[in-house]
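Q: Encoded as structure tokens, here's the structure I'll be asking about.
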Amino acid sequence: MNIGVVGAGSIGLLLSARLAQRSHHIVCYVQREDQKRELNQWGIHLLPEKVRLPVQAKRTEQMTDHDLVIVSVKQPQIHPVIDVIKQTLSPDTPLLFLQNGMSHLEQVQRLKQPIWIGVVEHGAIRLNDHTVRHTGLGVIRAGTLRKQDQHSMKNRLNMLNDDRFPFVYEEDWERMVKQKLAVNAVINPLTALFRVKNGDIMLNSHIKKLGKHLCYEACDVLGLDRDTMWEMVVRIARATSKNESSMLTDIEKGHETEIDSISGYLLKSHELDLPYTRFVYHAVKAIELKNQEEDDT
1 MNIGVVGAGS IGLLLSARLA QRSHHIVCYV QREDQKRELN QWGIHLLPEK VRLPVQAKRT
61 EQMTDHDLVI VSVKQPQIHP VIDVIKQTLS PDTPLLFLQN GMSHLEQVQR LKQPIWIGVV
121 EHGAIRLNDH TVRHTGLGVI RAGTLRKQDQ HSMKNRLNML NDDRFPFVYE EDWERMVKQK
181 LAVNAVINPL TALFRVKNGD IMLNSHIKKL GKHLCYEACD VLGLDRDTMW EMVVRIARAT
241 SKNESSMLTD IEKGHETEID SISGYLLKSH ELDLPYTRFV YHAVKAIELK NQEEDDT
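So the sequence shown is numbered by UniProt numbering: it starts at 1 and just counts up by one.
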């Protein structure tokens, strides 16, 4: 297939490399001219295999129609990408959105294109503008926003699916996204605040207790079963024990995090009192502000 991948962070580079390995033609859409040049010159260097995969790179505003466009930018970058999609893409071009949180859903529902909503369960670290390390094997789960798009989506997912990089169709995409949000509401802020890897939050009894409270608060907002979700959080934290969460990476690099679309979303979407969620939200925002102030000096 001819596939456009919007965003060349860790997940965008991983997706592009793995799909290029399957002989799909990949165009990476990026924000910066220097990253565009590097990708066109070097391709993507995929670790730990130590292979280079050729891709074509263009600026985001040069987006054109493809058999599928995968949007892998983080929540803070989603607004300008949607604006470009509205201006450049045909109503027939299928779009797969792979974001943490749920705050983007209201925006994408207004798009005319066939919309797929997905979650990524792989671990990846971007080492530079053209190098990515695949740190944790998982799956990509996706479902269709509109029922009339199910048949064509399943056909395309079959073309993407591979034993080494599986794509799985989910009938209940909303429940899938809620479960991912609940997991992120625990692992992301705790790893960012305590500067630890995913597995460490289950090894420290105090952090683990905080995690359980965060999980229960998220479940109460999202209508999920507390005990079932806590078991999932524990399982994912242990399965990705050596991984560094995206929020921890953002904090360490002084970047804006996705806390608004995770903990912030939970706080805005319900009138329940969420003391643990409120604390981690403001704690992460305080670190963001501190990093910003240091950059300005």
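Heads up, the beta-carbon is just placed ideally off N, CA and C, and yes, glycines get one too. Please read these numbers as outputs of a predicted model, since none were measured by experiment.
(1) Counting beta carbon pairs with one atom in the segment 207-224 and one in the segment 238-249, are three or more of them shorter than 8 angstroms?
(2) Is there contact between the segment 250-258 and the segment 79-96, where contact requires at least three CB pairs shorter than 8 angstroms?
(3) In whole angstroms, give me the CA-to-CA distance for Asp172 and Lys50.
(4) With DSSP as the reference, please indicate the residues paired to Asn128 in a beta bridge.
(5) Which runs of the beta strand (DSSP E) spanning at least 3 residues fall entirely within the UniProt domain "Ketopantoate reductase N-terminal" (3-145), listed in chain order?
(6) Could you give the first and the last residue of the continuous beta strand (DSSP E) run that contains Phe167?
(7) Exposed or buried, which one is Arg235 when buried takes at least 16 other CB atoms within 10 Å?
(8) Let me know the alpha helix (DSSP H) ranges lying completely inside the segment 200-261, each 4 residues or longer, listed in chain order.
(9) Below 8 angstroms between beta carbons: does that hold for Gly143 and Gly123?
(10) Quick check: Ile201 and Leu193, are their CB atoms within less than 8 angstroms of each other?
(11) Per DSSP, what kind of secondary structure is Lys178 in: helix, strand or coil?
(12) So what does DSSP say about Arg278, is it helix, strand or coil?
(13) Run through DSSP, which three-state label would residue 342 get?
(14) Between the segment 100-117 and the segment 259-266, do at least 3 Cβ pairs fall closer than 8 angstroms?
(15) According to the Cβ coordinates, are Gly43 and His130 closer than 8 angstroms?
(16) Going by other Cβ atoms of all chains shown within 10 Å of its Cβ, with 16 needed for buried, is Glu288 buried or exposed?
(17) Measuring alpha carbon to alpha carbon, tell me which of Ala182, Asn2, Lys147, Lys197 ends up nearest Ser261.
(18) What distance in whole Å lies between the Cβ atoms of Val196 and Val119, which are believed to be in contact at a cut-off of 8 angstroms?
(19) Whole angstroms is fine: what's the gap from Ile85's alpha carbon to Glu271's?
(20) Please list, in chain order, all residues of the same chain as Leu157 whose beta carbon is under 6 angstroms from its beta carbon, the five residues on each side excluded.
(21) Who are the Cβ neighbours of Gln150 in its own chain at under 7 angstroms, not counting the five residues just before and after it?
(22) Closest to Gln113 by C-alpha separation, out of Leu89, Glu106, Leu105, would be which residue?
(23) For Val69 versus Gly7, is the C-beta spacing smaller than 8 angstroms?
(24) From which residue to which residue does the alpha helix (DSSP H) around Leu266 run?
(25) In its own chain, which residues sit with a C-beta less than 7 angstroms from the C-beta of His45, not counting the 5 before and 5 after it?
A: Reading it off the structure:
(1) no
(2) no
(3) 37 angstroms
(4) Thr131
(5) 25-30, 44-47, 51-53, 56-59, 68-71, 95-97, 115-120, 123-128, 131-136, 140-144
(6) 167-169
(7) exposed
(8) 200-203, 205-222, 226-239, 246-253
(9) no
(10) no
(11) helix
(12) helix
(13) Nothing about residue 342 can be read from this structure; the chain reaches only from 1 to 297.
(14) yes
(15) yes
(16) buried
(17) Ala182
(18) Contact flag wrong, Cβ pair sits at about 23 angstroms.
(19) 34 angstroms
(20) Phe167, Tyr169
(21) Thr144
(22) Leu89
(23) no
(24) 263-269
(25) Arg52, His130, Thr131
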